[in-house]
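A.B. asks: A single structure is presented below for examination.
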Amino acid sequence: MTAQPTLYWEDVAVGMEIPPLHKCTSHMQLVKYAGAEEDWAEFHVNDAYAKSIGLPGAIDHGLIKAAFLGQLLTDWIGVEGSIRKLGCQYRRMTFPGDPMVCRGKVTNKYVQDGEHCVELEIWTENSGGEVTTPGHATVVLPTKDVLTRMY
Amino acid sequence: MVQQSVITEEMRNVIGVESEPYCYEVDKNGIRKFAEAIGDPNPLWTDEVYARKTHYGGIIASPSFITTVDRRQKEGYHQGGRPYKRPYERGLHGSDEWEFFEPLRPGDTITARRRIVDFYERQGKTGPLLFTVSEAVYYNQLGQLVAKHRTSGIGYPG
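Going line by line, the protein sequences match chains A and B.
Quick note on numbering: numbering that gives the first Met the number 0 labels position 135 of the first sequence as 134, and the sequence is numbered without any gaps.
Quick note on numbering: numbering that gives the first Met the number 0 labels position 116 of the second sequence as 115, and the sequence is numbered without any gaps.
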């Protein structure tokens, strides 16, 4: 992986969209995720069982979408930034094989207690362009301001 | 017809009651498997040579990894176990909010405590819904607060 240039708080503008992250789960990925997360709910990994309880088929874990949104942010902020807050709501079911895209938009930036913060609206969209997992995040970024960094 | 509330006194008595603490021992394999499962190639989660050159000084877990800690909760909480009789069989995940303070490092032991903070009911498109809201705090073995969590689950009749 090539080194990415540091993202500074000063580089961020309210209203800007961050680079999107494209994902598409598969049945095998949900099995791997179930194992890694130790979430053994059968309706994620067993299509027939999911249908027997009234679901359209095996559905993606809500938490894997939260993890995708986490990756959306960590890919953008790089190693010098950190996620302070992340929240989301699992509004629509999503399914293996249906491509999704994770997006984010900067909604606010400010300095608080010496930390340079950026707030974002984040979300996942399914292949139909519907928002499936709306959310929000706060990240902390390094600053180019030398005086701040000295203290 | 007004739907009868399914929130019992037994459930109300559980609000605010802290769970027994539950622990998770963080290791590199768990961090790696999680990163691979979500398809995140960031070397900070898997490449010690790379990670040591960063200000973290070594591999850390991706922030979302905190969710694995909750699988250690007794009574299989996330598989439906509860300290009260659940009114509905079926459940879906509603929402999550995390606040992150410290990274999780290989070798850390994370201790968590969870408590239910609210129950509320809504009428959904297909029938009654019960929302269960809980919060958790996570500390590492150094006594540092590493994260906070607030989550809602949605119960519905089978």
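Backbone N, C-alpha and C define an ideal beta-carbon position, used for all residues, glycine too.
1. Under 9 Å between beta-carbons, which chain A residues line up against B:Glu35? List them in chain order, please.
2. Might you give, ordered along the chain, the residues of its own chain that have their beta carbon closer than 7 Å to the beta carbon of B:Pro20, omitting 5 neighbours on each side?
3. For a quick check, are the C-beta atoms of B:Asn188 and B:Glu101 less than 8 Å apart?
4. Does the beta carbon of B:Asp117 sit closer than 8 Å to a beta carbon anywhere in chain A?
5. Let me see if you follow: with CB-CB separation under 8 Å, is B:Leu43 close to chain A or not?
6. Does A:Arg102 get closer than 8 Å to chain B when you measure Cβ to Cβ?
7. So what does DSSP say about B:Phe130, is it helix, strand or coil?
8. Do A:Thr132 and A:Gln88 have their C-beta atoms closer together than 8 Å?
9. Roughly how many whole angstroms lie between the Cα atoms of B:Leu128 and A:Glu41?
10. Give every residue of the same chain whose Cβ lies closer than 6 Å to the Cβ of A:Phe67, excluding the five residues on either side of it in the sequence, and list them in chain order.
11. Could you have a look at A:Arg90 and say whether DSSP puts it in helix, strand or coil?
12. Using a Cβ cut-off of 8 Å (strictly closer), state whether B:Phe99 contacts chain A.
13. Whose C-alpha, out of B:Lys27, B:Gly126, B:Ile37, B:Arg51, is nearest the C-alpha of B:Ser4?
14. CA-CA distance, B:Leu144 and A:Met15?
15. Using the Cβ count rule (16 or more neighbours within 10 Å means buried), how would you classify A:Thr137?
C.D. replies: Answer, in terms of the structure:
1. What you label residue 35 of chain B is simply residue 36 of the second sequence in a count that begins at 1. Per Cβ cutoff of 9 Å: Lys31, Ala35.
2. Your numbering for residue 20 of chain B matches position 21 in the second sequence. These residues qualify, in order along the chain: Thr110, Ala111, Arg112.
3. Here chain B has residues from 0 to 157 only, and residue 188 of chain B is not among them.
4. The residue given as residue 117 of chain B occupies position 118 in the second sequence. No - not a single Cβ of chain A is within 8 Å of the one on B:Asp117.
5. Position 44 of the second sequence, counted from the start, is the residue given in the question as residue 43 of chain B. Yes, contact with chain A.
6. Looking up residue 102 of chain A in the first sequence gives position 103. Under the Cβ distance rule, A:Arg102 does not count among the residues neighbouring chain B, no pair being separated by less than 8 Å.
7. Residue 130 of chain B sits at position 131 when you count from the first residue of the second sequence. Under the three-state reduction of DSSP, B:Phe130 is assigned to strand.
8. In the first sequence, the residue the question calls residue 132 of chain A occupies position 133. In the first sequence, the residue the question calls residue 88 of chain A occupies position 89. Between A:Thr132 and A:Gln88, the C-beta gap is smaller than 8 Å, which places the two residues in contact.
9. Taking the second sequence and counting its residues from 1, one reaches residue 128 of chain B at position 129. Taking the first sequence and counting its residues from 1, one reaches residue 41 of chain A at position 42. Cα to Cα, B:Leu128 sits roughly 21 Å from A:Glu41.
10. Against the first sequence, residue 67 of chain A aligns to sequence position 68. These residues qualify, in order along the chain: Lys22, Cys101.
11. The residue you call residue 90 of chain A lines up with position 91 of the first sequence. The answer is coil: DSSP assigns A:Arg90 none of H, G, I, E or B.
12. Residue 99 of chain B sits at position 100 when you count from the first residue of the second sequence. B:Phe99 counts as touching chain A.
13. Counting from 1 along the second sequence, the entry for residue 4 of chain B is found at position 5. Of B:Lys27, B:Gly126, B:Ile37, B:Arg51, the residue nearest in Cα terms is B:Gly126.
14. Reading the second sequence from its first residue, position 145 is the one you call residue 144 of chain B. Reading the first sequence from its first residue, position 16 is the one you call residue 15 of chain A. Roughly 32 Å between the two C-alpha positions.
15. Position 138 of the first sequence, counted from the first residue, corresponds to residue 137 of chain A. It is buried - the Cβ of A:Thr137 has at least 16 other Cβ atoms within 10 Å.
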